[in-house]
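Residue numbers (our numbering), protein chains in the order written: chain L, 1 to 265; chain S, 1001 to 1265; chain H, 2001 to 2265; chain Z, 3001 to 3265.
Structure, as structure tokens:
4 protein chains.
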Amino acid sequence: MSSSCFCKHSEETPLSVLSPELQEQFSDPNHPANLICELCRLFYDNNWVTGTGGGISIRDVDGANPNLVYIAPSGVQKERIQPWEMFLVELPEEKILRTPNDIPKELTKSYKYKPSACTPLFMSCYTMRDAGACIHTHSQHAVMVTLFLEGKKEFEISHIEQIKALPKLALNENTGKIEKIGSMEYYDKLVIPIIENTPHEEDLTDSLQEAIKNYPGTSAVLVRRHGIYVWGETVWKAKVYNEAIDYLLELAVKMQQSGIPTVKQ
Amino acid sequence: MSSSCFCKHSEETPLSVLSPELQEQFSDPNHPANLICELCRLFYDNNWVTGTGGGISIRDVDGANPNLVYIAPSGVQKERIQPWEMFLVELPEEKILRTPNDIPKELTKSYKYKPSACTPLFMSCYTMRDAGACIHTHSQHAVMVTLFLEGKKEFEISHIEQIKALPKLALNENTGKIEKIGSMEYYDKLVIPIIENTPHEEDLTDSLQEAIKNYPGTSAVLVRRHGIYVWGETVWKAKVYNEAIDYLLELAVKMQQSGIPTVKQ
Amino acid sequence: MSSSCFCKHSEETPLSVLSPELQEQFSDPNHPANLICELCRLFYDNNWVTGTGGGISIRDVDGANPNLVYIAPSGVQKERIQPWEMFLVELPEEKILRTPNDIPKELTKSYKYKPSACTPLFMSCYTMRDAGACIHTHSQHAVMVTLFLEGKKEFEISHIEQIKALPKLALNENTGKIEKIGSMEYYDKLVIPIIENTPHEEDLTDSLQEAIKNYPGTSAVLVRRHGIYVWGETVWKAKVYNEAIDYLLELAVKMQQSGIPTVKQ
Amino acid sequence: MSSSCFCKHSEETPLSVLSPELQEQFSDPNHPANLICELCRLFYDNNWVTGTGGGISIRDVDGANPNLVYIAPSGVQKERIQPWEMFLVELPEEKILRTPNDIPKELTKSYKYKPSACTPLFMSCYTMRDAGACIHTHSQHAVMVTLFLEGKKEFEISHIEQIKALPKLALNENTGKIEKIGSMEYYDKLVIPIIENTPHEEDLTDSLQEAIKNYPGTSAVLVRRHGIYVWGETVWKAKVYNEAIDYLLELAVKMQQSGIPTVKQ
Ligand SMILES: [Zn+2]
Ligand SMILES: [Zn+2]
Ligand SMILES: [Zn+2]
Ligand SMILES: [Zn+2]
């Protein structure tokens, strides 16, 4: 509806200052660095990452080296990040292979980037759950649910169709790993642990890891007065799980406001 | 508002791997396969099919063979489906003519598609009502209304102008079919039956068919704690009916929250 | 965020079937027929005209003949109307100069158009107030306010900054016409009359005209359980007034729900 | 989702009537005049500046002359302003260097522009806080919070993660200026002063300046029954602060409606 602008956007970014290898990567819309940009724009429109909040990390599970992890930088406007602004880390040593601070200044304007404060939390999802991607939002539905449940350690909901979009997880005795064995059923009770917020985001790591260990069936952890962490086998699974969980949290807030219990008796 | 990307989206899909016939079909924006994609993107923006929920099916009522039915696949991100991902079925035997699993792997990346679990419900609308399209959403307004009406079998609303967007249906004694005889009036009471949810979506078929039979005037069936099914004579009629009903459900939730009865005394 | 489509949209409409005069008109983005299309798309995104509800009419106040009035057709999807689908009427006799039924069938697919049922109401705004455009929406905020005020004849609000976006009107004794003499002040009380809905939209004409006469200061009339009519000196003024009023109605609903009086004591 | 239009938008604006210098400026997407247009479109979509409400001003802190200030005009549709419609003022004398009334009439259609009524308030942020940009919105969350706090002089919230997006400010004893010394902490209490609205926006200047002086830690001032002013070191900082504060105001409204105190005991 709004007026068109007269800016020469297409001329604005001299991609040619990048190496041919990076130029090729960033022209592939399915490259993890581009997917992070695309999803951050979507999450921004959902009010999940406004005010530089939230973040996302993708592990290149389909790439030549599935140990490569892309991480959005900290404290920047998430809807405006560009593919060359990612931190690139290799598991399991979490060796930093590339930072946006290595990128020519024509593109970064000498901004001093820091990796997302969520980095150790993202890493916990990769190492403890073999996740392919991890999403962190400041969704108001998530925050409101934790406020309604002040003093409680779990969010619970059952008998809502959308629950079926979430995976059923179980310990594989042979591999010792938590694996997807199917989808949750309509009558299953979805339980998401709630951990208490800490002044520094990285200090959430211990309690997040403890929640992941104590709740082998969960794909998400709520952080009180803060938001939520959601992960999945691939970036698209993580997106779908996050979407389904946020739908359920939004519904739960409405049910709570109308005095309808979220778990059916 | 968001940054432009540097991806070569237009080069990304090698449509040329498709047969010339399919290439031609998929270049027609009014082809049912493209309309399903377009409407799924719209429904996604309305929070009706997030998290892979919901679906849509179109019967090619204006095409050479009006028995052809296009059905979106199950469990995929609805806002991202492509025209070649549809199942194509011929009525009345529901013979499968094409599945996305027949499409060259360059386009489908070897994903193993299943038809929507809603398929038997869509078929019920086609066979019992001669529908031209059927829409299924997980609209939160629909779910909330069924929660407010826990234990009740019908949603009712009257004396709201938007009701006039819905068709007045009646049995044609000559043909034995339910036919549109006009539009609902402002003072008419809109009644939509509510059926109970089942663990497996296909198990809704019997109760959906019973509701369709018992409510000859309805163009929709609510599913408790799940969502809604809406159909119409054509895809555009189904879209309009679904839009008008969702408007009324949204309004009904607000009226309920403020203690205003949805049926005027 | 959604997938791009492969349709040849740009080839789809053979504009060349239109007369050179119409082709030229419809290539001007500021032509009333195009503005109606543009604003209907905007109103659709605001949930004001979903389900074919609502409408808009523009008088060509800046054109060669300011008696020409463009009116959107009835019962069509408002977000999809095209410039050639308008009815063209000349004041004061309301002589029909062109209907979309005169347009080549390549463009209209032989659809039988009817002028908006709001037509006599739009005409009342033109003849009684010299309006340049008139907007009718089914805004849920408008409907909710009339439900809260069941049995009352007026909506009132005061001491909200947004009121200043609305015009202060007064009778010009010389011309006998209602004219804009400035803007409303912050402490002014905005009063919008509420009329009762009728089964047929055209039957609202008498009570709308009575309200316009009895409320010389108003730029809008609410219709209970239905929506609102808003007009202005030009299409852009009407758009701004409608936007400001809807903002105030939305706020009033929230105030009502929280027990805050809309008129400051 | 909506129909494409047939307008020749790109031909519509004869930029060539502008001086080569202005043409070059307005083709730079990062020029303050273009950023104002871009942000106004974003704010419009957020319901912050509908009905011509609100506004924004940017100081060219990165330009050759950081004393240049760009100000959006008053009373126009914010989502449609163009870069040549800005007022250009030079600090500290607030000398007017250019007004849109100097621009060729082909572009402005002889509209008589006035600078935003917020101008003296924007200037207060520049002179008292060395701001790089100042944003004024009519956010309904801001208005609702001031209504809930009728009779109170401050909005307070604590223990919400999003607070960390806001700057911690302190007086630099050496320079005598308020400067950013870091970010707010999770457990910090955010306090935003509330001033009373006045009939004329410029008359808010004294109480706004008093609030800025009395609250050295604040980056924003709420105006009761009106909206909010937010500023920052740069345009992007101001945008982020405004976004984070609006998120907190939205959350506070929900907390208030559910009886949850906004300051944790
Ligand atoms: Zn966070
Ligand atoms: Zn379903
Ligand atoms: Zn109407
Ligand atoms: Zn203002």
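For every residue, glycine included, the Cβ atom is placed at its ideal position computed from N, Cα and C.
Treat the numbers as computed from the prediction; the structure is a model and nothing was measured.
Counting only C-beta atoms, is residue i closer than 8 Å to chain S at any point?
i               : result
residue 1994(H) : Because residue 1994(H) is not part of the residues shown, which for chain H are 2001 to 2265, the question remains open.
residue 1961(H) : Look at the range of chain H in this structure, 2001 to 2265, and you will see that residue 1961(H) is not part of it.
With a cut-off of 8 Å on the beta carbons, I'd call residue i and residue j a contact; round off their distance for me.
i               : j               : result
residue 3051(Z) : residue 2162(H) : 6 Å
residue 2022(H) : residue 2235(H) : Actually they are not in contact, since the Cβ atoms of residue 2022(H) and residue 2235(H) sit about 20 Å apart, beyond 8 Å.
residue 3242(Z) : residue 3230(Z) : 4 Å
residue 3136(Z) : residue 3054(Z) : 5 Å
residue 1113(S) : residue 1088(S) : At roughly 12 Å, the Cβ-Cβ gap does not stay under 8 Å, so residue 1113(S) and residue 1088(S) are not in contact.
residue 117(L)  : residue 59(L)   : That pair is no contact at about 19 Å.
residue 2226(H) : residue 2138(H) : 7 Å
Can you have a look at residue i and say buried or exposed, based on whether 16 or more other CB atoms are within 10 angstroms of its CB?
i               : result
residue 200(L)  : exposed
residue 1246(S) : buried
residue 2209(H) : buried
residue 1195(S) : buried
residue 2220(H) : buried
residue 2004(H) : Any reading at residue 2004(H) needs caution, since the residue's pLDDT is 47, under 50, leaving its predicted position unreliable; the model's value is listed next. With fewer than 16 Cβ atoms within 10 Å of its Cβ, residue 2004(H) is classed as exposed.
residue 2282(H) : There is simply no residue 2282(H) to check, as chain H begins at 2001 and stops at 2265 in what is shown.
residue 119(L)  : buried
residue 2079(H) : buried
residue 183(L)  : exposed
residue 2240(H) : buried
residue 2049(H) : buried
residue 20(L)   : exposed
residue 258(L)  : exposed
residue 14(L)   : exposed
residue 1170(S) : exposed
Short check: CB of residue i to CB of residue j, under 8 Å?
i               : j               : result
residue 83(L)   : residue 122(L)  : no
residue 1190(S) : residue 1156(S) : yes
residue 2086(H) : residue 2066(H) : no
residue 207(L)  : residue 188(L)  : no
residue 3197(Z) : residue 2186(H) : yes
residue 2193(H) : residue 2168(H) : no
residue 2134(H) : residue 2074(H) : no
residue 2142(H) : residue 2228(H) : yes
residue 3253(Z) : residue 3144(Z) : yes
residue 2081(H) : residue 2040(H) : yes
residue 1017(S) : residue 1104(S) : yes
residue 1212(S) : residue 1098(S) : no
residue 2251(H) : residue 2160(H) : yes
For chain Z, find out if any of its Cβ atoms is closer than 8 Å to the Cβ of residue i; answer yes or no.
i               : result
residue 255(L)  : no
residue 197(L)  : yes
residue 2016(H) : no
Taking Cβ positions only, does residue i come closer than 8 Å to chain H?
i               : result
residue 1260(S) : yes
residue 3138(Z) : yes
Is any beta-carbon of chain L found at less than 8 Å from that of residue i?
i               : result
residue 1248(S) : no
residue 1121(S) : no
residue 3185(Z) : yes
residue 1144(S) : yes
residue 3251(Z) : yes
residue 1147(S) : yes
Check the Cβ-Cβ distances between residue i and every residue of chain B, and say whether any is below 8 Å.
i               : result
residue 2241(H) : In the structure shown, chain B does not exist; the protein chains are L, S, H and Z.
> Mind listing which residues of the segment 2155 to 2183 of chain H have their C-beta closer than 9 Å to chain Z's C-betas, in chain order?
Replying inline: 2159, 2160, 2161, 2162, 2164, 2165, 2166, 2183
> Using a beta-carbon distance cut-off of less than 9 Å, what residues from the segment 3048 to 3070 of chain Z approach chain L?
Replying inline: none
> Going along the chain, which residues of the segment 3078 to 3112 of chain Z sit with their C-beta nearer than 9 Å to a C-beta in chain L?
Replying inline: Taking 9 Å as the Cβ-Cβ cut-off against chain L, the residues of the segment 3078 to 3112 of chain Z that qualify are 3079, 3080, 3081, 3082, 3083.
>> Tell me which residues of the segment 2214 to 2244 of chain H have at least one Cβ-Cβ distance to chain Z shorter than 9 Å, keeping chain order.
In response: 2236, 2239, 2240, 2241, 2242, 2243, 2244
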